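To keep things clear, I will list the structure first and then write my remarks on it.
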Amino acid sequence: MDHVGAVERPMMEYSFPTADGTISSIACLLFKPTTLRLNHPSFKSFGQVCNSLYHYMGLITQKFLAKYFPPAKTAKMLNDITSFVQLDREPLYDAWERFKGMLRRCPHHELPVWRQVQTFYNGVTLANRATIDAAAGGTIMKKLPSEAFNIIDEIATSLYSYGLERTNKRIAGVHSIDAMTTLSAQMAALTHKVDNLGAVIWNGAP
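Under our numbering, the first residue of the sequence shown carries the number 107, and numbering increases by one thereafter.
Given below as structure tokens:
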């Protein structure tokens, strides 16, 4: 989900402008302040302690970010993420792990899941896009962001486990290898669906 309380939409819908999905800063009171009777000294002391802790934690956070993530460094890390491109002859698994590593190294990137998926998908080769779409049973842009993220993670791991990706130079049979990769993606997607169906049948059995 993009943020707490937000409803996911298919990936392709994030490419169009919309007024939905914004968080309103207006909130209605669920009770009247006149009904509160918090005049006891303990409540006042507790409130002061909470305010002090909140202020103290805020200062610590600011100092931490200023020391380890200065503005210039953060800007470069965000630029590296949003301009991600798969390297020449880089396997899909390695590219995916490298991309996730970039996200982990910049924990305050604040990029929603749909943007992460879209950035990675647009940054890989056409052959790997076809592989991802095959694993999704169609264009991955029709999937919800969380589903799309998991599909990419599963197919990248599956290809790595099957040993179908090679980092050595391809001198012949490029189209055959790409076809094998796409076929393996389709088989992985089919296996996933069969496993889910079996789980449903098993759980529903008396």
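Every residue gets a Cβ at the ideal spot worked out from N, C-alpha and C, and that includes glycine. No experiment lies behind these values; they were computed from the predicted model shown.
Using the C-alpha atoms, what's the distance from residue j back to residue i?
| i | j | result |
| --- | --- | --- |
| Glu196 | Met183 | 21 Å |
| Pro116 | Val191 | 23 Å |
| Arg235 | Ile258 | 10 Å |
| Cys212 | Gly269 | 30 Å |
| Ile166 | Phe205 | 29 Å |
| Glu114 | Tyr120 | 10 Å |
| Tyr199 | Lys169 | 36 Å |
| Pro218 | Gln154 | 35 Å |
| Gly243 | Thr231 | 18 Å |
| Pro177 | Leu171 | 9 Å |
| Leu159 | Ile238 | 47 Å |
| Asp194 | Ala233 | 12 Å |
| Glu330 | Thr188 | The structure shown has nothing for residue 330, since the chain only spans 107 to 312. |
| Asp186 | His161 | 33 Å |
Would you call the CB atoms of residue i and residue j closer than 8 Å?
| i | j | result |
| --- | --- | --- |
| Gln222 | Leu209 | yes |
| Ala262 | Trp202 | yes |
| Tyr266 | Ile246 | no |
| Phe255 | His214 | no |
| Met118 | Lys248 | yes |
Put residue i into one of helix, strand or coil per three-state DSSP.
| i | result |
| --- | --- |
| Glu119 | helix |
Check: Along the chain, which unbroken stretches of the beta strand (DSSP E) at least 3 residues long are found entirely within the stretch 146–219?
Finding: none
Note to self: My parser needs the alpha helix (DSSP H) runs of 4 or more residues fully inside the stretch 209–269; what are they?
What the structure shows: 219–229, 232–241, 251–268
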